[in-house]
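J.: Take a look at the following structure, please.
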Amino acid sequence: MSSVLSDIKKDYMVSLLKNGKREDGRGLNDMRDLKIDIGIVNKAEGSCYVQIGDTKVIAGVKCETGTPFPDTPNQGVFTTNAELIPMASPDFEAGPPREDSIELARVVDRGIRESGAIDFEKLVIKEGELVRVLFVDIHIMDYNGNLFDAAGIAAIAALYNAKIPVLDEEGNKTEEQIPLPMRKIPVPCTYVKIADSLLYDPSFEEESVMDSRITVTTEDKGNIAAMQKGDVGSFKKEEILEIVRRSKARGDEIRSILNEKFSDMR
Amino acid sequence: MSSVLSDIKKDYMVSLLKNGKREDGRGLNDMRDLKIDIGIVNKAEGSCYVQIGDTKVIAGVKCETGTPFPDTPNQGVFTTNAELIPMASPDFEAGPPREDSIELARVVDRGIRESGAIDFEKLVIKEGELVRVLFVDIHIMDYNGNLFDAAGIAAIAALYNAKIPVLDEEGNKTEEQIPLPMRKIPVPCTYVKIADSLLYDPSFEEESVMDSRITVTTEDKGNIAAMQKGDVGSFKKEEILEIVRRSKARGDEIRSILNEKFSDMR
Amino acid sequence: MSSVLSDIKKDYMVSLLKNGKREDGRGLNDMRDLKIDIGIVNKAEGSCYVQIGDTKVIAGVKCETGTPFPDTPNQGVFTTNAELIPMASPDFEAGPPREDSIELARVVDRGIRESGAIDFEKLVIKEGELVRVLFVDIHIMDYNGNLFDAAGIAAIAALYNAKIPVLDEEGNKTEEQIPLPMRKIPVPCTYVKIADSLLYDPSFEEESVMDSRITVTTEDKGNIAAMQKGDVGSFKKEEILEIVRRSKARGDEIRSILNEKFSDMR
Amino acid sequence: MDKDIKFFENGKRIDGRDVDELRNINIEVGVFKRADGSSYIEWGGNKIYCAVYGPREAYPRFLQKSDRAILKCRYNMASFAVEDRKRPGPSRRGVEIGKVTQGALEPALLLENFPKCMVEVNIEVVQADAGTRCAGIAAASVALANAGIPMKELVPSCAAGKVDDRIVLDLSKEEDNYGQADLPLAFLPRKNEFSLLQMDGDLSEEQLEEALELGKKGCLEVYEIQKEALKKKYVREDDSNE
Amino acid sequence: MDKDIKFFENGKRIDGRDVDELRNINIEVGVFKRADGSSYIEWGGNKIYCAVYGPREAYPRFLQKSDRAILKCRYNMASFAVEDRKRPGPSRRGVEIGKVTQGALEPALLLENFPKCMVEVNIEVVQADAGTRCAGIAAASVALANAGIPMKELVPSCAAGKVDDRIVLDLSKEEDNYGQADLPLAFLPRKNEFSLLQMDGDLSEEQLEEALELGKKGCLEVYEIQKEALKKKYVREDDSNE
Amino acid sequence: MDKDIKFFENGKRIDGRDVDELRNINIEVGVFKRADGSSYIEWGGNKIYCAVYGPREAYPRFLQKSDRAILKCRYNMASFAVEDRKRPGPSRRGVEIGKVTQGALEPALLLENFPKCMVEVNIEVVQADAGTRCAGIAAASVALANAGIPMKELVPSCAAGKVDDRIVLDLSKEEDNYGQADLPLAFLPRKNEFSLLQMDGDLSEEQLEEALELGKKGCLEVYEIQKEALKKKYVREDDSNE
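In order, the protein sequence lines correspond to chains A, B, C, D, E and F.
Sequential numbering from 383 applies to the first sequence in my numbering.
Sequential numbering from 383 applies to the second sequence in my numbering.
Sequential numbering from 383 applies to the third sequence in my numbering.
Sequential numbering from 61 applies to the fourth sequence in my numbering.
Sequential numbering from 61 applies to the fifth sequence in my numbering.
Sequential numbering from 61 applies to the sixth sequence in my numbering.
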């Protein structure tokens, strides 16, 4: 966007924000409509479609077997990949992953990994030799802001959806299937700052004029499992703590939606 | 080429075609001079140089051993690769294979694979564990139209030329050599359409103004093993069937040339 | 540099050279200050920082185990890599190794390999199955001319500095460490020709106007282990032989500096 | 690659279809906000999204054509769309399908209206179940219409094939894997010509003729479904505008 | 990922530090000739070089911004900087660190002075020992000053963390590997805001507050070291100019 | 890397040659239609094609030089050119050979006649049998002449080497693999200077001098073969023009 247009748009948004309003009519701490469809891809071990407003993502889980990393012989392997495919935005190009998709994948990955959501020790088939290798692949289909939350929710739900084959003693697949050893539901909440206002669940328009962005991933007990200040800008300590408080509350709400869906699944 | 020049050239060609003539004096169903030199690279297991008019390609076969694909444990592995090297045209760039060379390799590959030309089961050394891995590499040396036919003929002739070492019981190479287990001679025939005329073996100039292109690969019994409509344009059903009929006749002619060369070889 | 400026600079240098002088006051056969710091990276098996004037490079050695190449089952594996990182010059770009860094790595590699500096047979753990795999990685930190000599000296010193773990019978690492089986100290000496003058240890400025460049690597007995004429230009036979003679003398001097440092190390 | 499979029982195919019967097809139009046009197709077990961007200035510039827009088609399969995980990123197969997809769609478009521009078609296979290229072309043509790209006609697409020596329409996964021939087609209904034609397997001339006829019939059915999907979209929009 | 490690003895950490104590830090300014600005930092066992180029015309051109310079940050780790050899070349981890480094430094720079230009920061980790991104940011800020890039203030950086349920400053390698949380921070002293904030592990809200406070204290100490390094450089230069 | 090989018998080498004898060399000129100049060389068991394009505008543009054309040399080996299949595509070895090939040819060319242009040399090794870089340079020089690139002189090239402590000309595959030194050379006959000089192995100063002399003699023989090939081409063309 040319900087002149961008300035005009920002001025407009700031004047709205002074009255506690957002362009699309939401309150500062409101989320757009959240839609979660679990299990939409039956070729995947687990899958989930998430829509936040007009942002649409799909996450799929595949499970293979392989060797563990030498420094963690008693843990399964977990890999998160995000594709900002050209479908989702006129600005995304095909080709090797760019820095944006790498950051997205790594932030989602850390939220799941650091919260202890997966019991990696239960993914070991033979210690030091053979473990389950989990892949979470996230496809961004329509990019209209707040990819971090959409991708993070889709990823954890796809993991909870996943069924993997029980292996016999030689490590061969049997017909029987079990869910993944999941323990927690980490939920990322993203806020942006525009002229001292903190906005939850930023739209594409809001992201294009934001001063700064932060994502806080909380887990079931309300503790923080991961944080990431993104892009430019900076935050006061008080702002960070305020965002953390809001993220805990918002995280709890989304967690109960997910929990309900997970129990429906069984 | 600028579109103005291209239009003028096309008009000229079309006016010739109305009288059943081509720029280089050939009839519509005529092939340029075909030259086939088998066994020109003695470091390769098999090789063939093919010249169609001024188009020149070389195909080489190498054979290694490796593991079969999990879903075809009782079949050898076969890979076709084509390099449109910068040598062949001022428009070819070095680097990763572009879409043109990928299409070329895949069309040649399908013609050979789908015709059953190779008895893949005879390439198994130990089922599910060790098989022969065949590589056909095609180098385009001078690009003057009709790569598909030149590459396809060179590839099948290089395979018939190939000698691979007999393996002993431990899978080690012995001095003895045997030919590959070849069963059929698929031959691709390429036609282009320019203003409702169907031209066999298009030259570079003809390809640059063509409306559409099609390659039909037939096998010894006259059945079709593979087809590919290339680039833009479209064909009527009747045109397709007419091209298939001509390709069968043309394919038989080239097959008998090849058969003669193959028997000379022995 | 624009060619006009380049011409003016070259004229100036040539006029200095007629009086046997160089821009920085050195004699034609003088080296800039040479600084060698061995063992600066304790995470590496061996390391060395080399400074020649303002040119600064760091070489590090890492050692793994792996399978030997099929054609040399009784030899360890040795790989040299050079990174002309963007840090070192405004003209170096990040990304895949460019031809300059490939040439640099290969010339350093050949000097070490061909001089017999390393007793590769002593790097075999189990013939044909398991050998030591040595990596020398060279980082160019500040590029001010004569990378070949700086990189070559850093690489050989890092190899002499390296300690690798003794392996037990199963091939597992023990606590005990031994130096690499080093036998010789190859030293590269680089000369450039500017208007018939031969200059040792070219500066960046001198390289930017040179007519031609040559690197001669000699070993302990004074024999030549590797040579490389670089970039454009050409040399008379007499010039080559003169450079070889000077390189032997210069190589001996640097070898004795290195030898002293190596004995300090023990 | 015949296996010991019984492809027909009481004249019906494994999944209960007649030889000339398509699988269930459903197309939604305008499913994305950012894209200029988009669609979603479910075709048997295939689930495929398509987004169209353009016409906009072609980039990089050396691709620009002075007399018309270029058409770029990208076909991508999600790593989780198939049984065995596919490595993310471009594959040789995907590159070729992108190329023939372009060849199938371009004859129906009026690209000469937009010199120096490009139109981009992105096809994303989220679940694959045989026939993804045909389903992708059918979806893409609808998405191009949704993007308002001027066109002579829609491009329906579907495959014919041969199993157990019989010509059938729209191969299922099992028929594709173990059958005798696959013939993916795209058809221009007004021009009465085929703009996609690939084939591998084993067909006699007569079988080819039969397969082309059957494929054409299938394409014409897909054509109705495409038109219906667009009608539903625009009628619904008209309704909501009232 | 707690191991059976005793992180504290007599109130001191494994390496003898207090909970609020930084490791030894030494910064040298102007260590390279070609670069427009440069620095070298030793921070505990970390050895990191930084070179800055610019402002110069941004390339490739489509990156240019009409109202300010762009900042490109490249973080690279030498293959021999760590125990197990790192494959040379860019890694996903390095790409992300480059990105957050840019986000940490940019708020302090007056990039609007140089439209269409770029400033490049190259961080090269020669030896790694926990906390390389913070050490790199601290060194880069000094190198930017050395290059004469106009700035509002220097950007100090350091990590806080949690081990054995206690909040500590500047994690060592062992504390990083086996501790409970890592919180790399960069702080803008005049603006009183954090420009780098990442975290992984497990922190309660109260622990976060404590860690932010402790991290801020650490950053302010690093800030003094940065200023001292620049002072030493320029005082020395002034001396030698007399 | 000496093996237990007998390199000489009755004063002759393994393949029957004298120490100062080249293998059979045959050069054909103008073998391709698309290229501006081309050649094919058989040298012992080597089979190498060369195509030259240019001068034409250098692309991408940042490569252009305002005072002369740039010379790009690409050396590629077919995957089937050697005993063990080579992976298709560029290799580190090929990149280096391309670079020294450029250095060997450029001194003989009048590139200053074509500012902002490029001349491209493509060398394709179809069968390799020791000495491919020298054979490639010799062929490329002839192809450059065939393309009408203005030049001061042709560039002949050949290797000297050391086996069994003796200096020999034009190493065979076996001599190259198990010999003591390899010295690929290119020589500018009029300027009397070497424009390619690489060496690896073990040579004393005296052996180097002997090898340079022998290599020069070999290059001068190659020079005659190059001139003969061009003469044959143009005389033949003149004949056919009558």
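Backbone N, C-alpha and C fix where the C-beta goes; we use that ideal spot for every residue, glycine too.
Every value quoted in this text rests on a predicted model; they were computed, and no experiment measured them.
#1: Can you tell me which residues form a DSSP beta bridge with tyrosine 135/F?
#2: Is the shortest distance between the beta-carbon of glutamine 258/F and the beta-carbons of chain C less than 7 Å?
#3: Enumerate in chain order the residues of its own chain whose CB-to-CB distance from glutamate 589/C is below 6 Å, with the five nearest sequence positions on each side excluded.
#4: If I measure Cβ to Cβ from lysine 630/C and keep anything under 7 Å in the same chain, skipping five residues before and after, which residues do I get?
#5: I'd like to confirm the pairing. Which residues does DSSP put opposite glutamine 258/D in its beta bridges?
#6: How would you label leucine 231/E, buried or exposed, when you count the other beta carbons within 10 angstroms and need 16 or more for buried?
#7: Let's test the definition: count the other Cβ atoms within 10 Å of the Cβ of glutamine 610/B and tell me whether it reaches 16, buried, or not, exposed.
#8: Could you give the DSSP three-state label for glycine 458/C: helix, strand or coil?
#9: In this structure, how does DSSP classify aspartate 436/A when only helix, strand and coil are distinguished?
#10: Would you decide whether asparagine 401/B is buried or exposed? Buried here means 16 or more other CB atoms lie within 10 Å of its CB.
#11: Which chain A residues sit within Cβ distance under 7 Å of lysine 159/E?
#12: Between lysine 619/C and chain F, is there a C-beta pair that is closer than 7 Å?
#13: How many Å lie between aspartate 62/D and tyrosine 238/D at the Cα?
#14: My understanding is that valine 160/D touches leucine 256/D, with C-beta atoms under 8 Å, so please give their C-beta distance in whole angstroms.
#15: Consult DSSP for leucine 170/F and reduce its assignment to one of helix, strand or coil.
#16: Determine the contact status of lysine 566/C and aspartate 602/C, defining contact as a CB-CB distance below 7 Å.
#17: I'd like to know whether the C-beta atoms of glutamine 457/C and phenylalanine 502/C end up nearer to each other than 7 Å.
#18: Terminal residues of the continuous alpha helix (DSSP H) containing valine 591/B?
#19: Would glutamate 601/C pass as an interface residue toward chain E - the criterion being a Cβ-Cβ separation below 7 Å?
#20: Tell me whether arginine 152/E sits in a helix, a strand or coil according to DSSP, three-state version.
#21: When you compare only the Cα positions, how much space is there between arginine 414/B and alanine 577/B?
#22: Based on the DSSP output, what are the partners of serine 99/E in its beta bridges?
#23: Listed in chain order, which residues of the segment 69 to 86 of chain D have Cβ atoms closer than 9 Å to some Cβ of chain A?
#24: Between the alpha carbons of alanine 289/E and arginine 147/E, how many angstroms are there, rounded?
#25: Is the distance from the Cβ of alanine 195/F to the Cβ of cysteine 110/F below 7 Å?
#26: Between which two residues does the alpha helix (DSSP H) holding leucine 505/A run?
#27: Pull out every residue of the segment 109 to 130 of chain E whose Cβ sits closer than 7 Å to any Cβ of chain C, in chain order.
#28: List in chain order: all unbroken beta strand (DSSP E) runs of 3+ residues lying wholly within the segment 199 to 262 of chain D.
#29: Determine which residues share a DSSP beta bridge with glutamine 559/A and list them.
#30: Could you give the first and the last residue of the continuous beta strand (DSSP E) run that contains methionine 523/A?
#31: From Thr462/C, Val396/C, Glu446/C, Ala532/C, pick the residue whose C-alpha is nearest to that of alanine 640/C; which is it?
#32: Excluding the five sequence neighbours on either side, which residues of its own chain have a C-beta within less than 6 Å of the C-beta of asparagine 173/F, listed in chain order?
#33: Nearest to lysine 619/B by alpha carbon, out of Gly278/D, Gly158/D, Glu281/D, Glu269/D?
#34: Flag alanine 426/C as yes if its beta-carbon sits less than 7 Å from any beta-carbon of chain E, otherwise no.
#35: In chain A, which residues lie with their C-beta within 9 Å of the C-beta of glutamate 235/D?
#36: Do you know offhand how far isoleucine 227/E's Cα is from alanine 271/E's?
T.: So, from the data block:
#1: According to DSSP, which records beta bridges pairwise, tyrosine 135/F is partnered with Ile183/F.
#2: At a cut-off of 7 Å between beta-carbon atoms, glutamine 258/F makes contact with chain C.
#3: Taken in chain order, the residues that qualify are Gly527.
#4: Counting only residues of its own chain and dropping the five nearest sequence neighbours on each side, lysine 630/C has a CB closer than 7 Å to the CB of Thr600, Gly604.
#5: Partner(s): Gln610/B.
#6: Burial call: buried.
#7: Classified as buried, glutamine 610/B has 16 or more neighbouring CB atoms from the shown chains inside 10 Å of its CB.
#8: In this structure, glycine 458/C counts as coil in the three-state DSSP scheme.
#9: Here aspartate 436/A sits in coil by DSSP.
#10: That one is exposed.
#11: Per Cβ cutoff of 7 Å: Glu481, Glu485.
#12: Answer yes: the Cβ-Cβ gap between lysine 619/C and chain F drops below 7 Å somewhere.
#13: Here aspartate 62/D scores only 45 on pLDDT, less than 50, and its place in the model should not be relied on; the value that follows carries that caveat. Rounded to whole angstroms, aspartate 62/D to tyrosine 238/D spans 5 Å at the Cα level.
#14: Right, the Cβ-Cβ distance comes to about 6 Å (below 8 Å), so this counts as a contact.
#15: Three-state result, leucine 170/F: coil.
#16: Between lysine 566/C and aspartate 602/C, the gap from beta carbon to beta carbon is short of 7 Å.
#17: The answer is yes: Cβ separation under 7 Å.
#18: Its alpha helix (DSSP H) spans residues 586 to 591.
#19: Not one chain E Cβ lies under 7 Å of glutamate 601/C.
#20: Helix, per DSSP.
#21: The straight-line gap from Cα to Cα measures roughly 21 Å.
#22: Looking at the DSSP assignment, serine 99/E forms a beta bridge with Val89/E, Cys110/E.
#23: Residues passing the 9 Å Cβ filter: none.
#24: The alpha-carbon atoms of alanine 289/E and arginine 147/E are separated by roughly 33 Å.
#25: No, the pair does not count as a contact, with Cβ atoms beyond the cut-off.
#26: Here leucine 505/A belongs to no alpha helix (DSSP H), and DSSP marks it neither H nor E.
#27: Those residues of the segment 109 to 130 of chain E that come within reach of chain C (Cβ to Cβ, closer than 7 Å) are Tyr109, Ala111, Tyr113.
#28: With a minimum length of 3 residues, the continuous beta strand (DSSP E) runs that stay inside the segment 199 to 262 of chain D are 217 to 223, 226 to 229, 241 to 248.
#29: Looking at the DSSP assignment, glutamine 559/A forms a beta bridge with Pro547/A.
#30: Per DSSP, methionine 523/A belongs to the beta strand (DSSP E) from 512 to 524.
#31: Just to set this straight, residue 640/C is leucine in the shown sequence, not alanine. Looking at Thr462/C, Val396/C, Glu446/C, Ala532/C, the one whose alpha-carbon comes closest to that of leucine 640/C is Ala532/C.
#32: Only Pro210 meet the Cβ criterion.
#33: Selected option, being the one with the closest Cα: Glu269/D.
#34: With a threshold of 7 Å between beta carbons, alanine 426/C makes contact with chain E.
#35: Going along chain A, no residue has its Cβ under 9 Å from glutamate 235/D, so there is no contact; the nearest lies around 18 Å.
#36: Approximately 6 Å between the Cα atoms of the pair.
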